[in-house]
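This report concerns only the one structure given below.
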Amino acid sequence: MSAGSMTEIWVYLSAQPLVWLTLTLATYLLAITLHRKAGGHPAANPVLISVGILVALLLATDTPYQRYFDGAQFVHFLLGPATVALAVPLHGQLKRLVAMGGPILVALVVGSLVAGLSAYTIGALLGASAPTLASLAPKSVTTPIAMGIAERLGGLASLTAVFVILTGIFGAIFADGLLRRLGVKDEASIGFALGLASHGIGTARAFQLSEQTGAFAALAMGLNGLLTALTLPWLLPLLAPLIRP
Amino acid sequence: MTAALALLLAFQLAGEALRVALHLPVPGPVIGMALLLVYLILRPEGPSTELRNTAGGLLQNLSLLFVPAGTGVMLHVGRLADEAWPIAIALVASTVLGLLAAGLTLHWLARRPRGAGQ
Chain A
983 MSAGSMTEIW VYLSAQPLVW LTLTLATYLL AITLHRKAGG HPAANPVLIS VGILVALLLA
1043 TDTPYQRYFD GAQFVHFLLG PATVALAVPL HGQLKRLVAM GGPILVALVV GSLVAGLSAY
1103 TIGALLGASA PTLASLAPKS VTTPIAMGIA ERLGGLASLT AVFVILTGIF GAIFADGLLR
1163 RLGVKDEASI GFALGLASHG IGTARAFQLS EQTGAFAALA MGLNGLLTAL TLPWLLPLLA
1223 PLIRP
Chain B
432 MTAALALLLA FQLAGEALRV ALHLPVPGPV IGMALLLVYL ILRPEGPSTE LRNTAGGLLQ
492 NLSLLFVPAG TGVMLHVGRL ADEAWPIAIA LVASTVLGLL AAGLTLHWLA RRPRGAGQ
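Chains as they are written, first to last, in my numbering: chain A, 983 to 1227; chain B, 432 to 549.
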């Protein structure tokens, strides 16, 4: 086959949703294999590896993100039913969750305030611009909630989505090692911290550890999303004048 | 598998409808998760084997589902470069603080009197 006809085939295929859908799944399978080969080491994060390979492929083939997403959207769509499915492990851990109701609520309020307000405060002290700060503040909650909050605060929804993803990957890589080093070894606390600070990507990491860790992460993700949506839009305007007179 | 998938989608749809109708600040799938949890509590036999398997299959591959959105990072590389340091430090420090605040609080409050975890 000549190089010319190969190019023609590629030009045809790369415009079809099928090729990017297939490459998304193939890249993920490769990432999972690497993750296993690394003994499940959190730095070999499957989302990070997959995104790295796909971005390199898209840049090398000069493919716009929108054309990639035309294929990958079929995978993206499953995030909705997967979020609903988190109710099943939550139900499985219900007795423990209810028994720990008091501590969970306190940890939720403390964690939610620290995660939301510290991003804004640190960014402001380092001189980040106002739209960046507003996009950064809701970084610990799941993407659709974070984008809504950022828009109400004068941030940029698409920039927020990037911060949310980066926060998720960072938390998924470092959370359990960091907490274990400080003597926090119980599945409930590790899962809860992962879900609260790193939303769905942290929850995906928690399910790699155990189903119980995953259930606590799912709970923390849902509760923190709700609490942040209700509190951050009026807490930040109160905080802003204190940091930037 | 089809019935379980239909159930998950139906709860997502119900969550979406509730969100629009009541102007809730939480996304439809998260409301759907809460509704499904209530349904499972009210159902004496809990989740069916089929639902358990389908949910397990989706959640085992949860990382995959973030890949398409994550690849969107490529659109913002230029925008991130301008304020790279404030963004990187604020994001990393604040995520660590959030993790510690949530994890340590729950650990301290929930540990048994004899001091588990030491």
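Glycine included, each C-beta is placed from N, C-alpha and C at the ideal position. Being a predicted model, the structure only gives us computed values, none of them experimental.
query	result
Enclosing alpha helix (DSSP H) for Phe1059(A) [first to last residue]	Tyr1047 to Phe1059
Below-7 Å beta-carbon distance, Pro544(B) vs any chain A residue	Caution applies to Pro544(B), whose pLDDT of 49 falls short of 50 and renders its modelled position unreliable; the value that the coordinates give is listed next. Answer no: the Cβ-Cβ gap between Pro544(B) and chain A never drops below 7 Å.
Three-state secondary structure assigned by DSSP to Leu493(B)	helix
Any C-beta of chain A under 7 Å from that of Met432(B)	no
Within 7 Å, strictly: CB atoms of Tyr976(A) and Ala1119(A)	This structure cannot settle anything about residue 976(A), because the visible part of chain A is limited to 983 through 1227.
Chain B within 7 Å of Ser1171(A), Cβ atoms only	yes
Min CB distance Ile1155(A) to chain B below 7 Å	no
The alpha helix (DSSP H) enclosing Glu1133(A), as first and last residue numbers	Thr1125 to Arg1134
Rounded Cβ spacing between Ser1122(A) and Thr1149(A) (contact assumed at less than 8 Å)	6 Å
Classification of Thr1015(A) by the beta-carbon crowding that lies within 10 angstroms, buried from 16 upward	exposed
Close-in-space but distant-in-sequence residues of the same chain around Gly1182(A) (CB under 6 Å, 5 per side omitted)	Thr1124
Exposure label - Phe1059(A); buried when at least 16 CB within 10 Å	exposed
Below-7 Å beta-carbon distance, Ala479(B) vs any chain A residue	Looking at the sequence shown, residue 479(B) is not Ala but Ser. No, no contact with chain A.
Neighbour list for Val451(B) in chain A, Cβ cutoff strictly below 8 Å	Residues of chain A passing the Cβ test: none, with the nearest at roughly 13 Å.
Inter-residue spacing [alpha-carbon to alpha-carbon] between Leu493(B) and Gly1159(A)	21 Å
Cut-off 6 Å between Cβ atoms - residues of its own chain near Phe1198(A), not counting five sequence neighbours on either side	Ala1170, Gly1173 and Phe1174
The ligand GDP heavy atom lying under 6 Å from the CB of Val504(B)	Annotation note on the ligand GDP: not contained in the displayed structure, which lists no ligands.
Close-in-space but distant-in-sequence residues of the same chain around Phe442(B) (CB under 7 Å, 5 per side omitted)	Gly463, Leu466 and Leu467
C-beta neighbour in chain A for Pro456(B), strict 7 Å	yes
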